[in-house]
Amino acid sequence: MNKKWMVTLSLLFLTATAAIASTPPPPPSVEVDQATRLEVIDTLIAKLNANYVFPDQAKQVEVVLRQHQRAGKYDAITDGKQLAKQLLDDINGVIHDQHLLVDVSARPVPPDGAMPPPPQTRAEWEKQVPPAVLERILASNLGVEKVEHLGPNIGYLQISSFGPVFLVSDKFAAAMNALADTDGLIIDLRNNGGGGGDSVALLISYLVDERTRLNDTWERATGITTQYWTQDKLDGKRYGGKKPVLILTGPNTKSAAESFAYQLQALKRATVIGERTWGGANASRPYRLNEHFVAFIPSMRSISPITHTNWEGAGVIPDVAAKGDDALVAAQDLMVRQLNASSPSVATGH
């Protein structure tokens, strides 16, 4: 599978939404009857068994859903949202995968093979993203929210998403150019909902001195494990692998943002400060269940070549615990102490 599918559930959902956005506004709810319930449940079970990254767990889900089905648990449900929620709740009673979702759409859901391919250019991307979403993303400077100097020697980079490389490469380059002369860097991911693995690898590339192996991905459909590496050639100034880097995290640090923090933590390139992250590591893609129901099923697993596992369920555990807004203060204090330890004149700005 093309690695462009290695994106968060949220970005996949944008693609699915854009594909059906041109149809007239439909009724706000979807009613379901017995035939629909049977179709949705049967198709959900079949596609979980065929695609979920852990086949044995998919079989466990099948057993539970069939038990509930035989007991009549779903028989009285006539509202689509309620059916989707109940199915997801029952799945979550067996497995806890943050990127697994069952949802309902009042607009028709396109067949699996009819989903548009991931965009390769900004022009293609703008055509696929709904206008309201496009406006929000552009207003966030494509996810590069803040590039600041907190002092004469400490850089601050706040990122709210990891958009496609063709969108963010220039933004990353400009940010790293602006921060290149700082003696330490704080990267704030506390409100980052995720994005693409390629963009994660790109930003990490600025923070190392040499070509470095990052997370691998294992794809169930092919059984192939793909290695991912940092980039040798960058558009901006390389920050390098020696100056201290601190990463701020919290419960709203999700998916690709977790990958960024996890990989740098495993490489011992950065110190993570804040709270435990969301805990979603398995990459999803959408599967049509029927005309109005869709399941996002993780079919790929991220594996660290260092830890031989990932952050699914557990989240990224901070090296230094700090609550909410306290994380930035804690990071600044730690950075000053680290810089003082290495060179007192640097930390004081003299």
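Mind the numbering: the sequence shown is residues -21 to -1, 1 to 329 in mature numbering (1 follows the signal peptide of the UniProt record, and there is no 0), read in order. Glycine is no exception: its CB is placed at the ideal position from the N, C-alpha and C atoms.
Kindly indicate the opening and closing residues of the alpha helix (DSSP H) around Val11.
That residue, Val11, is in no alpha helix (DSSP H); it is neither H nor E in DSSP.
Can you give me the C-alpha to C-alpha distance between Asp149 and Ser139, rounded to a whole angstrom?
16 angstroms
Beta-ladder partner(s) of Glu127, from DSSP:
Tyr135
Determine the burial state of Gln206: buried for a count of at least 16 other Cβ atoms within 10 Å of its Cβ, exposed for fewer.
exposed
Any idea what DSSP makes of Leu225, helix, strand or coil?
strand
Cβ-based burial, Arg169 [other Cβ within 10 Å; buried from 16]
buried
Give me the residue from Phe151, Gly174, Val187 with the minimum Cα distance to Gly215.
Phe151
CA-CA distance, Ile296 and Ala63?
31 angstroms
Cutoff 6 angstroms; reference Ile166; Cβ partners in own chain excluding five residues on either side:
Leu136, Ile226
Is it right to say residue 332 is buried, meaning 16 or more other beta carbons lie within 10 angstroms of its own, or is it exposed?
Shown here, the chain extends from -21 to 329; a query on residue 332 therefore has no answer.
Measure the C-alpha to C-alpha separation of His75 and Val144 and round it to an integer number of angstroms.
30 angstroms
Between Gln244, Asp188, Ala260, which lies nearest to Leu196 when the distance is taken from Cα to Cα?
Correcting the residue type first, residue 196 is Thr in the shown sequence and not Leu. Ranking Gln244, Asp188, Ala260 by Cα distance to Thr196 puts Ala260 first.
For the candidate residues Val83, Arg115, Pro89, Leu121, whose alpha-carbon lies nearest to that of Arg101?
Leu121
Reduced DSSP category for Pro34 - H, G, I as helix; E, B as strand; rest coil
helix
At least 3 beta-carbon pairs within less than 8 angstroms: the segment 244 to 254 vs the segment 264 to 276:
no
Where does Gln99 fall in DSSP's three states?
coil
Note the first and the last residue of the continuous beta strand (DSSP E) segment covering Gly253.
250 to 253
Rounded to whole angstroms, what's the CA-CA distance from Met314 to Asp298? Just pull it up for me.
14 angstroms
Put Arg169 into one of helix, strand or coil per three-state DSSP.
coil
What first and last residue would you give for the beta strand (DSSP E) that runs through Arg280?
272 to 282
Got a sec? Which residues, its chain only, sit under 6 angstroms from Thr204 by beta carbon, not counting five neighbours each side?
Asp195, Trp197
Taking its Cβ as the centre, do 16 or more other Cβ atoms sit within 10 Å of Arg45, making it buried, or is it exposed?
exposed
Collapsed DSSP secondary structure at Arg316 in the structure displayed:
helix
Which value, in whole angstroms, describes the spacing of the CA atoms of Asp68 and His47?
12 angstroms
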